[in-house]
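J.:
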Amino acid sequence: MAQKAQTKGEEQVLAYDLGGTKVAVGVVNSKGKILAEIREPVVIDQGKKAVLEQLGKLGRQFINKYPKIKSVGMASAGPLDPYKGILLDPTNFASKEGTWGIVPLASILSKKLKRPVTLENDAAAAMLAEHWLGAAKKFNNAMILTLGTGLGTGIISNGELVRAGQHMHPEAGHIIINYGDRTAPCGCGNFGCAEAYLSGRSFTRRARQRFANPQLTGKDIADLARKRDPRALAAFEEYAEQMAATLNNYVVLYAPEVIVFTGSFADAADLFLKNTQRHLEKLLERRRAGIDMMPKLMVSTLNNNAGLIGGAYVALQKGVRGGQVLKSKSKKKA
Ligand SMILES: [Zn+2]
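Plus 9 on top of the position in the sequence shown (first one is 1) and you've got the numbering used here.
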């Protein structure tokens, strides 16, 4: 009976995880359990209007089946302004008709679904999910690295999500670790960003140069490393060094107690985490007395669902968390 009452009181929300290639939509309960889920390619090539239609259609399907849904959370690739619920010309959303410009995504979707919609940066959402239910659950200072096409980062400091100024998200994947390195072009147009070495895509691009075969995928190279192929092992050794150097920079800035790896390339963590740990311990050698700055390095336990669960988290919160905006004397119009 008590069980039944609890189920009745359970809240259900609709969550989205929108990327440049795929979108996941799901119904999630207040405990973070995914009750139903669908993943499909985003119709990016058909332009902005078609994608918005797609999002509305997917959402309506679930709302018809789960009428208890009262609110919606959307984790999306950025840049975006979570407080205003707008996309700011997102880098990965472009088609023949051009880039998207500024899109008031939360209000557009809210009209389509007749529910309030909260928008959040996808890496921030993944961080919130890890802090809520995942590997960062027991830590008030944590960082997440999503290793996929890019290098996404999210930070929780003293229990609060860290925002950059002007409602922006800290794009820590674009710190430059090797200025002017022409071998490391980054999606942002610069050279030598952390992302240009550490995203799954960057790893594959760089590692391929060690082989005569330009068709090799990241997974192929990981499989070769597991068979002790020396070229593949050398590629992962280089990767671990660059990862440790980057993490050192993050540790001195944010002092996370745990760093969680997620994204498709985190599947190769068995090939780089040990060496990353070894190099990072060396780099932080003088920062371990008093407060031990060496963070735990962990792989996400939420599989591929951190973005979706984070979307649900912001829907349940009914608002944007972190980076409290206080009234300032600035004359600049908000
Ligand atoms: Zn960059």
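Virtual Cβ for every residue (Gly too), placed ideally from N, Cα, C.
#1: Does ligand 1 have a heavy atom nearer than 7 angstroms to the CB of residue 204?
#2: Under DSSP, the alpha helix (DSSP H) around residue 349 begins and ends at which residues?
#3: Compare the Cα-Cα distances from residue 35 to each of 72, 228, 308, 133 and report the closest residue.
#4: Can you tell me whether residue 30 is buried or exposed, with buried defined as 16 or more other CB within 10 angstroms of its CB?
#5: Is it the case that the region 266–279 contacts the region 135–151, given that we only count it when at least three CB pairs across the two stretches are under 8 angstroms?
#6: Buried or exposed: where does residue 112 fall if 16 or more other Cβ atoms within 10 Å of its Cβ makes it buried?
#7: On the premise that residue 133 lies in contact with residue 271, defined as a C-beta separation below 8 angstroms, what is that separation, rounded to the nearest angstrom?
#8: In terms of alpha-carbon separation, which member of 85, 70, 91, 315 lies closest to residue 175?
#9: If I'm right that residue 281 touches residue 324 with Cβ under 8 angstroms, what's the distance once you round it to whole angstroms?
#10: Could you please give the first and the last residue of the uninterrupted beta strand (DSSP E) stretch that includes residue 129?
#11: Less than 6 angstroms between C-beta atoms, sequence neighbours within five positions excluded: which residues of the same chain meet that for residue 121?
#12: How many angstroms separate the CA atom of residue 185 from the CA atom of residue 44?
#13: Consult DSSP for residue 225 and reduce its assignment to one of helix, strand or coil.
#14: Run through DSSP, which three-state label would residue 305 get?
#15: Please report the straight-line C-alpha distance between residue 313 and residue 238, rounded to a whole angstrom.
#16: So what's residue 108 in DSSP terms, helix, strand or just coil?
#17: Report the rounded CA-to-CA distance for residue 28 versus residue 234, giving the unit in angstroms.
#18: With burial defined as no fewer than 16 other Cβ atoms inside 10 Å of the residue's Cβ, what is the status of residue 261: buried or exposed?
#19: Cα separation between residue 285 and residue 156?
#20: Please tell me whether residue 138 and residue 82 are closer than 8 angstroms, where the distance is taken between their beta carbons.
#21: Hey, would you say residue 142 sits closer than 8 angstroms to residue 94, going by beta carbons?
T.: Taking the coordinates as given:
#1: By one-based count along the sequence shown, residue 204 stands at place 195. Indeed, a heavy atom of ligand 1 lies less than 7 angstroms from the Cβ.
#2: Because the chain here runs from 10 to 343, residue 349 falls outside it and cannot be looked at.
#3: For the purposes of this step, residue 35 is identified with residue 26 of the sequence shown, where counting begins at 1. For residue 35, the nearest C-alpha among the options comes from 72.
#4: Reading the sequence shown from its first residue, position 21 is the one you call residue 30. Residue 30 should be labelled exposed.
#5: yes
#6: Looking up residue 112 in the sequence shown gives position 103. The residue is buried, with at least 16 neighbouring Cβ atoms inside 10 Å.
#7: For this step, residue 271 is matched to residue 262 along the sequence shown. For this step, residue 133 is matched to residue 124 along the sequence shown. Their Cβ separation, rounded to whole angstroms, is 13 angstroms, which puts residue 271 and residue 133 out of contact at 8 angstroms.
#8: Numbered from 1 along the sequence shown, position 166 holds the residue referred to as residue 175. With distances taken between Cα atoms, residue 175 lies closest to 91.
#9: Numbered from 1 along the sequence shown, position 272 holds the residue referred to as residue 281. Numbered from 1 along the sequence shown, position 315 holds the residue referred to as residue 324. For residue 281 against residue 324, the beta-carbon gap comes to about 34 angstroms, at or over 8 angstroms, which does not count as contact.
#10: Here residue 129 corresponds to residue number 120 of the sequence shown, with the count starting at 1. Start and end: 126–130.
#11: Within the sequence shown, the letter at position 112 stands for residue 121. 65.
#12: Reading the sequence shown from its first residue, position 176 is the one you call residue 185. Reading the sequence shown from its first residue, position 35 is the one you call residue 44. For residue 185 and residue 44, the distance between alpha carbons rounds to 41 angstroms.
#13: Your numbering for residue 225 matches position 216 in the sequence shown. In the structure shown, residue 225 sits in coil (DSSP, three-state: anything other than H, G, I, E or B).
#14: Counting from one through the sequence shown, the residue named residue 305 turns up at place 296. The answer is strand: DSSP assigns residue 305 an E or B state.
#15: Reading the sequence shown from its first residue, position 304 is the one you call residue 313. Reading the sequence shown from its first residue, position 229 is the one you call residue 238. Cα to Cα, the separation comes out at about 29 angstroms.
#16: Here the question's residue 108 lines up with position 99 in the sequence shown. If DSSP states are grouped into helix, strand and coil, residue 108 belongs with the strands.
#17: For the purposes of this step, residue 28 is taken as the residue at position 19 of the sequence shown. For the purposes of this step, residue 234 is taken as the residue at position 225 of the sequence shown. Distance between the alpha carbons of residue 28 and residue 234: 29 angstroms.
#18: In the sequence shown, counting from the first residue as 1, residue 261 sits at position 252. Exposed.
#19: Counting from one through the sequence shown, the residue named residue 285 turns up at place 276. Counting from one through the sequence shown, the residue named residue 156 turns up at place 147. Their Cα atoms are separated by approximately 15 angstroms.
#20: Here residue 138 corresponds to residue number 129 of the sequence shown, with the count starting at 1. Here residue 82 corresponds to residue number 73 of the sequence shown, with the count starting at 1. No, Cβ-Cβ distance for residue 138 and residue 82 is not below 8 angstroms.
#21: In the sequence shown, the residue the question calls residue 142 occupies position 133. In the sequence shown, the residue the question calls residue 94 occupies position 85. The answer is no: Cβ separation not under 8 angstroms.
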